[in-house]
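Be aware that the sequence shown starts at 1, since it is given in UniProt numbering, and climbs by one per residue.
C-beta atoms are modelled at their ideal positions from N, C-alpha and C, and glycine is treated no differently.
Notes follow the structure.
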Amino acid sequence: MNIVKARAILSTVLLVVFLGVLFVTVGVFYTTKTGHPFLGMNKNQLFRIRNVLGPLMNALIIVHLGLNWGMYKSELKVLFRK
């Protein structure tokens, strides 16, 4: 597989997981403040989903940084150039 395609797929999956984490976090705040279920899910169900999505997102971030490390180093050089 082409490295550009791999990066694009990884970035897309990372975005989807991020949106899932964001959605679940809103649900946790809602159920914590009101005590009502969020879209039929109680707080414990939302925490279980977050406990899966959180580590998955961390793993994807590590892989993402690994694939883009060279580009990231170049950007840091430009950022901190005098």
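CA-CA distance, residue i and residue j?
i     : j     : result
Val78 : Gln45 : 45 angstroms
Lys73 : Leu56 : 25 angstroms
Trp69 : Phe23 : 29 angstroms
Could you tell me how far apart the beta carbons of residue i and residue j are, in whole angstroms, since I believe they sit closer than 8 angstroms?
i     : j     : result
Val26 : Phe47 : No, Val26 and Phe47 are not in contact; Cβ-Cβ is about 14 angstroms, not under 8 angstroms.
Leu60 : Leu14 : 5 angstroms
Starting from the C-beta of residue i, find all residues in its chain whose C-beta is less than 7 angstroms away, skip the five residues before and the five after it, and write them out in chain order.
i     : result
Val63 : Leu10
Phe38 : Gly27, Tyr30, Thr31 and Leu46
DSSP three-state label for residue i, please.
i     : result
Met41 : strand
Gly70 : helix
Lys57 : First, the residue type needs correcting, since residue 57 is Met and not Lys in the sequence shown. Here Met57 sits in helix by DSSP.
Asn2  : coil
Lys82 : coil
His36 : coil
Excluding the 5 residues preceding and the 5 following residue i in the sequence, name in chain order all residues of the same chain whose CB lies nearer than 8 angstroms to its CB.
i     : result
Val17 : Leu53, Leu56, Met57 and Leu60
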